[in-house]
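Take a look at the structure below.
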Amino acid sequence: MDQVLYVLAIMGCGDDSMQCQQARLEPARYTSVQACQAAAAGALQRNTDLDFPVISAACQRLTPQMVDSRPARSERSGS
Numbered sequence: 001m002d003q004v005l006y007v008l009a010i011m012g013c014g015d016d017s018m019q020c021q022q023a024r025l026e027p028a029r030y031t032s033v034q035a036c037q038a039a040a041a042g043a044l045q046r047n048t049d050l051d052f053p054v055i056s057a058a059c060q061r062l063t064p065q066m067v068d069s070r071p072a073r074s075e076r077s078g079s
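Heads up, the sequence shown is in UniProt numbering, so the first residue is 1 and it goes up one at a time.
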């Protein structure tokens with residue numbers, strides 16, 4: 001069974017804390033959501049340079065799509 005890992009996403013939001021978008025991912029990986037959440041305050045302090053009125057942190061489960069976000073290429077036969 002594969003180990004579940006979490007990443008800490010730094011989110012940039014508008015004044016009303018709506019329409020947030022992921023601005024950065026912290027480089028650390030966490031083995032539990034609790035460990036990830038415990039690191040959130042420090043991560044926010046390291047990312048105060050973002051140009052958003054509001055920043056927040058969100059723990060997200062690491063998935064293969066997060067590791068490689070390029071679209072899969074389909075193989076063509078023939079030619």
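Cβ atoms here follow ideal geometry from the backbone N, Cα and C, with glycine treated the same way.
Less than 7 Å between the CB of Gln60 and some heavy atom of the ligand ATP, yes or no?
The ligand ATP is not part of this structure, which contains no ligands at all.
Can you tell me whether Val7 is buried or exposed, with buried defined as 16 or more other CB within 10 angstroms of its CB?
buried
Closer than 8 Å is the cut-off here; do at least three beta carbon pairs connect the region 13 to 22 with the region 40 to 48?
no
Counting only C-beta atoms, is Ala58 closer than 8 Å to chain C at any point?
Protein chains in the displayed structure number just one, and chain C is not present.
Give the list of continuous alpha helix (DSSP H) stretches no shorter than 4 residues that lie fully inside the region 9 to 34.
none
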